[in-house]
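A.B. asks: Note that this note's numbering has the sequence shown beginning at 102, numbered continuously upward.
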Amino acid sequence: MKRKSFIKNASAILALQTLPSNLFANSDFNFNYQLLNQYDKNSEDYWIQMSKMFQVPQDFINLENGYFSPQPLSTLAFHQKYESAINHKTSWFMRNEQSDKIEKSRSSLAEFLKCNKEELAITRNTTESLNNVISGFPWKKGDEVIIGNQDYGSMVAAFQQQVQRNGIIVKVAQIPLHPQNDDEIIEAFSKLLTPKTKVIHLTHLINLSGQILPASKIIDWAHEKNIQVMVDAAHSVAHIDTSSVIQKADYFAASLHKWLCCPLGVGILKIKQEHIAQIYPLMSDEDYPKNNIRKFEHQGTKPIQSIIAIEEAIAFHYTIGAEIKENRLRYLKNYWINKVKNLPKVVINTPTNDSERSCAIANFNIEGYKPTQLSKLLFEKYKIFSVAIEHPAINGVRITPHLYTLEKDLDALVGAVEELRS
Ligand SMILES: Cc1ncc(COP(=O)(O)O)c(C=O)c1O
Numbered sequence: 102m103k104r105k106s107f108i109k110n111a112s113a114i115l116a117l118q119t120l121p122s123n124l125f126a127n128s129d130f131n132f133n134y135q136l137l138n139q140y141d142k143n144s145e146d147y148w149i150q151m152s153k154m155f156q157v158p159q160d161f162i163n164l165e166n167g168y169f170s171p172q173p174l175s176t177l178a179f180h181q182k183y184e185s186a187i188n189h190k191t192s193w194f195m196r197n198e199q200s201d202k203i204e205k206s207r208s209s210l211a212e213f214l215k216c217n218k219e220e221l222a223i224t225r226n227t228t229e230s231l232n233n234v235i236s237g238f239p240w241k242k243g244d245e246v247i248i249g250n251q252d253y254g255s256m257v258a259a260f261q262q263q264v265q266r267n268g269i270i271v272k273v274a275q276i277p278l279h280p281q282n283d284d285e286i287i288e289a290f291s292k293l294l295t296p297k298t299k300v301i302h303l304t305h306l307i308n309l310s311g312q313i314l315p316a317s318k319i320i321d322w323a324h325e326k327n328i329q330v331m332v333d334a335a336h337s338v339a340h341i342d343t344s345s346v347i348q349k350a351d352y353f354a355a356s357l358h359k360w361l362c363c364p365l366g367v368g369i370l371k372i373k374q375e376h377i378a379q380i381y382p383l384m385s386d387e388d389y390p391k392n393n394i395r396k397f398e399h400q401g402t403k404p405i406q407s408i409i410a411i412e413e414a415i416a417f418h419y420t421i422g423a424e425i426k427e428n429r430l431r432y433l434k435n436y437w438i439n440k441v442k443n444l445p446k447v448v449i450n451t452p453t454n455d456s457e458r459s460c461a462i463a464n465f466n467i468e469g470y471k472p473t474q475l476s477k478l479l480f481e482k483y484k485i486f487s488v489a490i491e492h493p494a495i496n497g498v499r500i501t502p503h504l505y506t507l508e509k510d511l512d513a514l515v516g517a518v519e520e521l522r523s
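#1: Three or more C-beta pairs under 8 Å: does that hold for the region 464-473 against the region 288-303?
#2: Grab the span of the alpha helix (DSSP H) containing Thr295 for me, first residue to last.
#3: With distances taken from CA atoms, which of Asn267, Gln172, Ile248, Ser255 is nearest Phe238?
#4: Strictly by DSSP, which residues pair up with Asn393?
#5: Would you mind working out which of Tyr505, Val441, Ile411, Gln281 sits nearest Gln181, comparing C-alpha positions?
#6: Please return the same chain residues whose Cβ sits closer than 6 Å to the Cβ of Phe194, not counting the five positions on each side in sequence.
#7: Which same chain residues end up closer than 6 Å to His279 when comparing Cβ atoms and leaving out the 5 residues on each side of it in sequence?
#8: Expressed to the nearest angstrom, what Euclidean distance is found between the alpha-carbon atoms of Pro171 and Ile415?
#9: Would DSSP call Arg196 helix, strand or coil?
#10: What separation, rounded to the nearest whole angstrom, lies between the Cα atoms of Asp512 and Trp437?
#11: Mind the definition here: the region 222-233 touches the region 348-358 only if three or more C-beta pairs lie below 8 Å; say whether that holds.
#12: Rounded to the nearest angstrom, how far is the Cβ of Ile328 from that of Thr298, given a contact under 8 Å?
#13: Can you tell me whether Glu519 is buried or exposed, with buried defined as 16 or more other CB within 10 angstroms of its CB?
#14: Just checking my contact of Ile223 with Ile369 at CB under 8 Å: how many whole Å lie between their CB atoms?
#15: By the DSSP assignment, the beta strand (DSSP E) with Gln261 in it spans what residues?
#16: Where Ser385 and Lys396 are concerned, what is the direct C-alpha to C-alpha distance, given to the nearest angstrom?
#17: Going by CA-CA distance only, name the one from Ala423, Arg522, Arg499, Thr473 that's closest to Phe213.
#18: State the Cα-Cα distance for the pair Asn392 and Glu184, rounded to the nearest angstrom.
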């Protein structure tokens, strides 16, 4: 029996039995934001209150928020409440309420991202989303793809697999660390163009350095040449404005456990309607027609509470406001960079001359140190947690503040850099 019709029958039988009580009235958990809203969003006091909305580590300063974002207390409580409720309602929930909850999250997300919900799949992360697209694309032997030299390793590996399986050719654009203008970046791709170029893979906000690429312009340029664009937006959603990029990209993927502060294990895949049918999903699906975006959600049994919590995470994001959030994150990056960038021996690996080219994330080094050594010293001597980036294109320590990061945390970083470079 097909999975879907089995579910229908099972639901009908269950409907005759006594149903579990409704444990969770929708969105009845309201975190009290009133205290927060008494403060001016431009004042440090507002952000001190904000930091109380997170479980901030007390024994070290976490400046490695690029891996994933902690959930604010409101999302955490909402998530835990649903985890408990599903545990109580058991498979009854999965058979009767799961799909409505997923559809509700899809609609809220589509509104939030300003895209068509019929083009939006909820996945577990960017890696899964882009592997669907890269593995499922109808490649022909000799098709050419241009990727960037600072693209994320999992995506590079996914393309390399297609080199072996389907004989595609991968060319690598060298993205400048400190571009003077957008044309310089477009030139890095255009140099590699041939009549066989089929796809460009683009990282919107590069995780190694924090550099933001002019994705919207690159997509326009590629489309003029009939080339499809896959965008790795793991770090850009709910961090910087992605509205035009998500509309223009042929394929767009992000992880919501990064800057939207969702529970771990939720991501998105947005595909333009006209391309959906041609992509084979990583996990075969028999429930939906080929042109239905939901075919990419067939992951087996999954932690549905994380998907339900998306709505609460969006509510938290709106409590601050997208623009205020982005401005604060950029302010924090500038706060420490401006204090260290002119110090002798300090090297900044992030473009900082133009505010559009970076936001929260930045990367620096001190001459004479290996990044691993520097990051280790920052932790052991100053209790500052960062991550060392040792990559052919970039060597340095990545610093990623968050909404709960305060100026005093960055003063500690600046003090450490001053001491270590002298
Ligand atoms: C640019 C970029 N792409 C993709 C990913 C993968 O994200 P995830 O592990 O959530 O799939 C990351 C993770 O940090 C990343 O920085």
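A virtual CB, placed ideally from N, CA and C, is assigned to each residue, including glycine. Model, not experiment: these values are computed from the prediction.
C.D. replies: A quick look at the data gives this:
#1: By the Cβ test, the region 464-473 is not in contact with the region 288-303, since fewer than three Cβ pairs between them sit closer than 8 Å.
#2: Along the sequence shown, read from residue 1 onward, the residue named residue 295 stands at position 194. It is not in any alpha helix (DSSP H) - Thr295 carries neither H nor E in the DSSP assignment.
#3: The count along the sequence shown starts at 1 and reaches residue 238 at position 137. The option with the nearest alpha carbon to Phe238 is Asn267.
#4: The residue given as residue 393 occupies position 292 in the sequence shown. DSSP output for Asn393 lists no bridge partner at all.
#5: Taking the first residue of the sequence shown as 1, we reach residue 181 at position 80. The shortest C-alpha separation from Gln181 is found at Ile411.
#6: Translated into positions along the sequence shown, residue 194 becomes position 93. Within the same chain, Phe194 has close Cβ partners Ile187.
#7: Translated into the one-based positions of the sequence shown, residue 279 becomes position 178. Same-chain partners within the cutoff: Pro452.
#8: As a first step, residue 171 must be located in the sequence shown, where it is residue number 70. As a first step, residue 415 must be located in the sequence shown, where it is residue number 314. Spanning the two alpha carbons is a distance of roughly 14 Å.
#9: Within the sequence shown, the letter at position 95 stands for residue 196. If DSSP states are grouped into helix, strand and coil, Arg196 belongs with the helices.
#10: Numbered from its first residue, the sequence shown carries residue 512 at position 411. Numbered from its first residue, the sequence shown carries residue 437 at position 336. Asp512 and Trp437: Cα-Cα distance of roughly 7 Å.
#11: Yes, since at least three Cβ pairs between the region 222-233 and the region 348-358 fall closer than 8 Å, the two stretches touch.
#12: Counting from 1 along the sequence shown, the entry for residue 328 is found at position 227. Counting from 1 along the sequence shown, the entry for residue 298 is found at position 197. About 6 Å separates the Cβ atoms of Ile328 and Thr298, confirming a contact at the 8 Å cut-off.
#13: Stepping through the sequence shown from its first residue, residue 519 is reached at position 418. Exposed.
#14: Here residue 223 corresponds to residue number 122 of the sequence shown, with the count starting at 1. Here residue 369 corresponds to residue number 268 of the sequence shown, with the count starting at 1. About 6 Å; that satisfies the 8 Å criterion.
#15: Against the sequence shown, residue 261 aligns to sequence position 160. Taken as a continuous stretch (DSSP letters only), Gln261 belongs to no beta strand (DSSP E), being part of the alpha helix (DSSP H) at 254-267.
#16: On the sequence shown, residue 385 is found 284 positions in, with the first residue counted as 1. On the sequence shown, residue 396 is found 295 positions in, with the first residue counted as 1. Between Ser385 and Lys396, the C-alpha separation is close to 8 Å.
#17: Here residue 213 refers to the residue found at position 112 when the sequence shown is read from its first residue. Closest by alpha carbon: Ala423.
#18: Your numbering for residue 392 matches position 291 in the sequence shown. Your numbering for residue 184 matches position 83 in the sequence shown. The straight-line gap separating the alpha-carbon atoms of Asn392 and Glu184 is approximately 32 Å.
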